[in-house]
Amino acid sequence: MALFSSTPTTKLPSFSSSSKTHLPINLFQSVKPQRQLLFMSIRSTENGSGAAAVIVEEKTDSEVGNGAPVANLVEEVALKYEDPKWVSGTWDLKQFQKGGATDWDAVIDAEVKRRKFLEDNPESSNNDFPVVFDTSIIPWWAWMKRFHLPEAELLNGRAAMVGFFMAYFVDSLTGVGLVDQMGNFFCKTLLFVAVAGVLLIRKNEDVDNLKKLLDETTFYDKQWQATWQDEKKE
Amino acid sequence: MASLSLKSFAGLRQSSPENHHPSITALSKPLSPSQINYRRLNVIASKSSPKITGRNLRVAIVGGGPAGGAAAETLAKGGIETILIERKMDNAKPCGGAIPLCMVGEFDLPLDIIDRRVTKMKMISPSNVAVDIGQTLKPHEYIGMVRREILDAYLRDRASAAGATVINGLFVKMDKPTDKYAPYVIHYNAYDGKAGSAGKKTSIEVDAVIGADGANSRVAKSIDAGDYEYAIAFQERIKIPEDKMQYYENLAEMYVGDDVSPDFYGWVFPKCDHVAVGTGTVTHKADIKKFQTATRLRARDKILGGKIIRVEAHPIPEHPRPRRLADRVALVGDAAGYVTKCSGEGIYFAAKSGRMCAEAIVEGSENGKRMIDESDLRKYLEKWDKTYWPTYKVLDILQKVFYRSNPAREAFVEMCGDEYVQKMTFDSYLYKKVVPGNPLEDLKLAVNTIGSLVRANALRNEMAKL
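If you're matching them up, the sequences are chains A and B in order. Numbering-wise (this note's numbering), the first sequence opens with residue 129 and increments by one. Numbering-wise (this note's numbering), the second sequence opens with residue 121 and increments by one.
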């Protein structure tokens with residue numbers, strides 16, 4: 129009685145729940161009908177769009193032991209990125225249809241998983257299977273909706289809170305109302321600083337990062353000018 | 121600078137550059153002293169330098185690579201008594217070996233020096249997106265792949281034919297002059313062609329020294345030139361089967377990714393009958409072997425069945441030394457640190473800086489009749505910085521933007537697919553000029569670059585959540 133973990137993924141067509149005895153898996157040297165087999169498909173995700181190699185484990189039944197080749201090893205296929213939606217080196221957009229239109233969020237998710245996999249398991253580049261995917265096929269509004277808008281909401285919220293409080297604070301100190309504040313140069317400067325601050329400093333680390341960035345832009349120039357410092361001293 | 125560019129490169133763009141080489145400077149032919157003086161307006165110091173009687177100016181060049189060879193030839197042609205000291209005449213240097221098209225023209229290189237003409241390049245991103253660049257190249261344009269021992273020997277031989285004395289020896293130290301116009305004393309071990317011998321201690325007196333002895337320059341140390349940050353470039357020469365070699369007939373590959381190098385790139389460059397597979401890094405030198413393994417993995421299918429015939433490594437300077445000259449000693453080439461960022465190119469700049477320094481000496485000494493001093497050598501620095509600063513700066517910016525992280529590299533490879541980018545890249549690489557290009561296209565390029573970077577970074581942020 130073979131036990132199958134019900135794999136929700138559709139990418140393992142060779143495992144069919146009806147077949148109990150003869151399992152067409154070419155990873156094994158021999159499969160005896162009496163063997164109890166436990167299959168685990170590891171690393172397949174729920175929605176089926178992540179992919180990895182198939183790792184199959186075999187456990188022998190305790191009774192069977194006479195001369196049967198002990199094949200209780202975990203055989204691993206060389207890790208290679210595979211996914212049914214990844215066709216000819218790019219994402220097959222036809223497989224990402226949802227309600228008649230392409231589900232760009234799913235494409236982005238799939239690409240993220242692919243890149244993560246490849247970062248952890250770098251693969252050889254092969255001329256027969258070139259990768260030609262270009263992120264610009266995903267339309268700009270899909271990127272905007274997913275990445276820009278939530279961040280924009282956050283930043284606008286911060287700006288609004290800071291702005292309201294500062295306007296109240298300045299009003300209470302100086303008695304100048306909001307409309308009159310906008311006419312004052314100093315207040316306009318403060319507004320500019322506040323907006324720039326909200327845009328540039330989104331996390332605490334950003335303060336240091338910005339300083340480092342500034343240094344970086346002029347560092348190479350300084351290295352080149354170094355030889356001229358001598359001349360100035362003379 | 122504009123007139124200089126027209127003079128230098130108009131000829132290259134019109135017809136086959138090999139036959140039609142404009143001489144970059146009139147000083148490669150000896151001019152009578154009267155012709156030189158009247159052109160210059162701001163000659164101050166060297167005019168007051170004493171005339172040398174009874175002999176010509178003596179200059180020693182330490183190091184016989186492209187920088188030394190080019191400098192020696194220009195000096196010898198300018199009438200200066202030139203001594204070139206090289207420690208290993210048949211040195212097969214660990215080097216990518218790529219020279220830009222303009223070098224062939226500017227230095228009159230014979231075509232048989234070039235083993236291969238690379239006309240296609242493949243850029244491969246961390247997620248193995250592969251982009252071919254080179255479609256915009258015109259039929260006569262190529263990147264020349266040379267064997268360093270052949271190129272270096274050719275330039276040295278030409279210098280020797282022009283009148284320079286080429287000595288096989290190892291520079292040991294240099295005595296600084298005690299007086300304003302006293303000579304430098306160079307101490308070296310003369311090998312005289314005997315391999316393995318310790319060499320005979322020899323000393324010579326010269327009026328000026330050009331340090332062209334590479335990344336670990338002893339001349340630089342003796343003038344307290346200071347240190348620079350350097351990258352380690354590690355390379356394996358691999359002989360691959362004939363059918364795989366066909367693929368690399370005129371194609372070079374560049375692999376980018378954190379696995380291959382955290383701040384540089386891995387490469388597969390075709391050589392005469394084998395390929396060179398290598399990588400480099402500045403910040404993670406201890407992991408260089410790991411990066412090399414990763415590079416070999418990425419190219420695995422294309423170099424399958426290959427045998428490693430040689431392993432080599434060398435430091436590559438990342439920026440110029442704090443002091444590039446002192447009194448009458450000047451540094452050129454790798455010794456000065458003239459290697460570009462982003463591509464790590466150094467051969468052309470070494471040869472060109474050697475030539476420029478030599479020209480400044482010839483001019484300042486009026487073909488060897490007068491003594492020179494530091495201000496003459498400063499003119500070489502001035503000219504060098506003015507001519508090539510834009511190139512270096514642009515490559516520095518490119519490195520800072522595109523070699524930062526995997527998303528940046530993905531964006532980089534994506535951008536390379538754009539035809540305008542390819543054209544601009546090759547034009548500036550082959551001719552060493554930062555051309556402004558079409559402003560509208562530049563704007564589109566800027567927008568596309570930002571778009572690519574934003575997309576790649578957005579994907580990376582999502583990856584971090586996984």
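Quick reminder that beta carbons are idealized off the backbone N, C-alpha and C, glycines included. Computed from a predicted model, the values in this text were never measured in an experiment.
- With a threshold of 16 other beta carbon atoms within 10 Å, A/Ala229 falls short and is exposed.
- DSSP, reduced to helix, strand and coil, places B/Asp295 within a strand of the structure shown.
- Take B/Gly425, set aside five residues on each side of it, and the residues of its chain with a beta-carbon closer than 8 Å to its own are Ile360, Pro361, Lys364, in chain order.
- Distance from the CA of B/Ala480 to the CA of B/His439, rounded to the nearest whole angstrom, comes to 22 Å.
- Counting C-beta atoms within 10 angstroms of its own C-beta, B/Val376 has 16 or more neighbours from the protein chains shown and is therefore classed as buried.
- Where B/Gln412 is concerned, the enclosing alpha helix (DSSP H) starts and stops at 408-418.
- For B/Tyr311, the three-state secondary structure derived from DSSP is coil.
- Look at B/Leu290 here: in three-state DSSP terms it is strand.
- If you look at B/Met241, you'll find it in the beta strand (DSSP E) that goes 240-244.
- Cβ-Cβ distances below 7 Å link B/Tyr540 to Glu561, Leu565 in the same chain, with the five nearest sequence neighbours on each side left out; the list follows chain order.
- Within the DSSP bridge table, the entry for B/Ile181 names B/Leu204, B/Ile330 as partners.
- A direct Cα-to-Cα measurement between B/Ser245 and B/Phe389 gives close to 17 Å.
- Contact of B/Ile244 with chain A is assigned, a C-beta pair being separated by under 8 Å.
- As computed with DSSP, A/Lys226 is found in a beta bridge with A/Ala229.
- Short of 7 Å from the beta carbon of B/Val266, and not among the five residues preceding or following it, lie these beta carbons of its own chain, in chain order: Gly217, Ile219, Ile233, Ile234, Asp235.
- Under the rule that a run must span 3 or more residues, no beta strand (DSSP E) segment is found entirely inside the segment 227-312 of chain A.
- B/Cys477 places its beta carbon less than 8 Å from that of B/Tyr500.
- Ranked by Cα distance from B/Ala196, the first of B/Val179, B/Arg441, B/Leu515, B/Tyr348 is B/Val179.
- Around A/Arg243, the beta-carbon contacts reaching into chain B at under 8 Å are Pro246, Ser247, Asn526, Glu530, Leu579, Arg580, Met583.
- Assigned with DSSP and collapsed to three states, B/Gly453 falls in helix.
- Proximity of B/His307 to chain A, defined by a Cβ-Cβ separation below 8 Å, is not satisfied.
- Taken atom to atom, the span from the alpha-carbon of B/Gln255 to that of B/Lys240 is near 8 Å.
- At a C-beta separation below 9 Å, A/Leu319 has no neighbours in chain B, since its nearest C-beta there lies roughly 26 Å away.
- The three-state reading of DSSP puts B/Arg357 in strand, counting E and B together.
- For B/Gly426, the three-state secondary structure derived from DSSP is coil.
- From the listed residues B/Arg276, B/Lys293, B/Lys296, B/Pro297, the smallest Cα separation to B/Ile287 is found for B/Arg276.
- CA-to-CA, the gap between A/Asn337 and A/Leu328 works out to about 10 Å.
- Just measuring C-alpha positions, the residue of B/Lys320, B/Val339, B/Cys462, B/Pro559 sitting nearest B/Gly453 is B/Val339.
- The beta carbon of B/Gly216 sits no closer than 8 Å to any beta carbon of chain A.
- Here A/Thr346 is exposed, its C-beta having fewer than 16 other C-beta atoms within 10 Å.
- Here B/Lys543 has Thr256 as same chain residues with Cβ atoms under 6 Å from its own Cβ, once five neighbours each way along the sequence are excluded.
- Shown here for B/Phe546: same chain residues with a beta carbon closer than 8 Å to its own, the five before and five after excluded, namely Ile253, Gly254, Thr256, Leu257, Glu261 in chain order.
- When 9 Å is used as the limit between beta carbons, B/Asp344 is near no residue of chain A, the shortest such separation being about 11 Å.
- Here A/Val290 is not near A/Val321, since their CB atoms are 8 Å or more apart.
- Residue pairing by DSSP places B/Arg490 opposite B/Lys171 in a beta bridge.
- Nearest Cα to B/Asn487 within the set B/Met535, B/Ile200, B/Ala335, B/Ala310: B/Ile200.
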